[in-house]
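Enquirer: Numbering (our numbering), first residue to last: 862 to 1193.
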């Protein structure tokens, strides 16, 4: 059963204000590369979390690929437990994501060595989870149910898990309402394990109102994506407040439209937990804008991310501004 509003607010009041980023080590071109045993880089994860902590962040959102779990559930569960330990040691709560329809690479997920990034192209190696074909293949659903049940039940009482983000951008990559049945069903599967953490799926586009209606109806806490300027973000927050539940912005920030010095104080003052896209630039190349062409020159203005791979800031003034904003509001 969906949480009552009062239970959702009890959860919210027990949390500090969570401000963080979507984490993918700069050595990984996608979530598969992050989580496979051969390329699971604890040292780089620890490094990135440390740099984030030094800026004042206290939360991270991370994609969990079905295909890597399916290849070896026990080993994957162990790596996820290790990730939670590293994040917790750095003072971070974790928001894990189970399914995802984003397919920037234009291909289904696959195991083994991942293709190198296409120079100049934003997120050229990103593949969906569990894969767009599995979303509509009911014969694959027993495996998807086992995945959801295994992970959520294993960590259903783990205080290191802030909440469960069950499905990132359902309907993306041309899927549209083909993703609606799985969206409805993943809530059923996860809720059957009785997690102590809230469940959510974020709204990401106004073009799929039936998907948004399910997300609002089923989510214990309301989440959304916002790659807008401050006035549009203010309007989004005010509209979603009418749902009467705590809010999480699970993706935001694209330059030059979104500005840290404008949007971050708004999230803080409104009590909206927030997760920017990216921290350290790397193989996902998200410093380039959406739709960038192969061989594009280095952008004058980064689209996402804050730090170079050596930890130096892309914009020192911007980073110092973030530190000032976060140091003025306790996030612990």
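Every residue, glycine too, gets a C-beta built ideally from N, C-alpha and C.
Considering only residues of the region 1007-1044, which uninterrupted beta strand (DSSP E) runs meet the minimum length of 3 residues and lie entirely inside it, listed in chain order?
Expert: Correct list: 1025-1029.
Enquirer: Looking only at DSSP bridge pairs, what is residue 1084 linked to?
Expert: DSSP, once it has assigned bridges, lists 1063, 1109 as partnering residue 1084.
Enquirer: Could you compute how far the alpha carbon of residue 1193 sits from the alpha carbon of residue 1035?
Expert: Low local confidence applies: a pLDDT of 43 at residue 1193 is under 50, so the model's placement there is unreliable, with the coordinate-based value given in what follows. Looking at the two C-alpha atoms, the distance is approximately 40 Å.
Enquirer: Please identify the residue among 953, 923, 1091, 961 whose C-alpha is closest to the C-alpha of residue 1208.
Expert: Any answer about residue 1208 is impossible in this case: the structure gives the chain only from 862 up to 1193.
Enquirer: From residue 1097 to residue 1010, what distance separates their C-alpha atoms?
Expert: Taking the straight line joining both Cα atoms gives about 33 Å.
Enquirer: In this structure, does DSSP put residue 922 in helix, strand or coil?
Expert: Strand at residue 922.
Enquirer: How far does the beta strand (DSSP E) with residue 955 in it extend, from its first residue to its last?
Expert: Residue 955 -> beta strand (DSSP E) spans 954-961.
Enquirer: Suppose the cutoff is 8 Å on Cβ atoms and the five residues either side in sequence are ignored; what does the same chain contact list for residue 869 look like?
Expert: Closer than 8 Å at the Cβ level, and outside the excluded window around residue 869, lie 1059, 1081, 1082, 1106, 1107.
Enquirer: Would you call residue 985 buried or exposed, if buried means 16 or more other Cβ atoms sit within 10 Å of its Cβ?
Expert: Label assigned to residue 985: buried.
Enquirer: What are the boundary residues of the alpha helix (DSSP H) that residue 883 is part of?
Expert: Residue 883 -> not in any alpha helix (DSSP H); beta strand (DSSP E) instead, spanning 880-883.
Enquirer: Apart from the five residues on each side of it in sequence, which residues of its chain come closer than 6 Å, Cβ to Cβ, to residue 1065?
Expert: 1030, 1086.
Enquirer: Can you grab the Cα-Cα spacing for the pair residue 988 / residue 1165, in whole Å?
Expert: Their backbone Cα atoms lie some 19 Å apart in a straight line.
Enquirer: Starting from residue 937 and walking both ways along the alpha helix (DSSP H), at which residues does that stretch end?
Expert: Segment 934-950, the alpha helix (DSSP H) holding residue 937.
Enquirer: Compute the beta-carbon to beta-carbon distance between residue 1135 and residue 880, rounded to the nearest angstrom, for a pair I have assumed lies under 8 Å.
Expert: Confirmed, about 6 Å.
Enquirer: Contact between the region 1107-1116 and the region 887-897 is defined here as three or more beta-carbon pairs at a separation below 8 Å; is this criterion met?
Expert: The answer is no - the region 887-897 does not touch the region 1107-1116, with fewer than three Cβ pairs under 8 Å.
Enquirer: Starting from residue 1138, follow the beta strand (DSSP E) in both directions and report where the run begins and ends.
Expert: It spans 1134-1138 - the beta strand (DSSP E) in which residue 1138 sits, taken as one unbroken run.
Enquirer: Here's the rule: buried if 16 or more other CB atoms are within 10 angstroms of the residue's CB, otherwise exposed. What is residue 871?
Expert: By the 10 Å Cβ count, residue 871 comes out exposed.
Enquirer: Output the boundary residues of the alpha helix (DSSP H) element that contains residue 1130.
Expert: First-last of the alpha helix (DSSP H) with residue 1130: 1121-1131.
Enquirer: Where does residue 1174 fall in DSSP's three states?
Expert: Of the three classes helix, strand and coil, the one that applies to residue 1174 here is strand, per DSSP.
Enquirer: Looking at the secondary structure, which residues open and close the alpha helix (DSSP H) in which residue 1102 lies?
Expert: That run of the alpha helix (DSSP H) goes 1091-1102.
Enquirer: Return yes when the Cβ of residue 916 is within less than 8 Å of the Cβ of residue 1187, no when it is not.
Expert: It is a contact, given that the beta carbons lie within the stated cut-off.
Enquirer: Within its chain, find whatever has a CB closer than 7 Å to the CB of residue 1054; leave out the 5 residues flanking it on each side and keep chain order.
Expert: So the list reads 1010, 1013, 1014, 1017, once near-sequence residues are dropped.
Enquirer: Please state whether DSSP places residue 996 in a helix, a strand or coil.
Expert: Residue 996 falls in the helix class under three-state DSSP.
Enquirer: If you reduce the DSSP assignment to three classes, tell me which class residue 1141 lands in.
Expert: Here residue 1141 sits in strand by DSSP.
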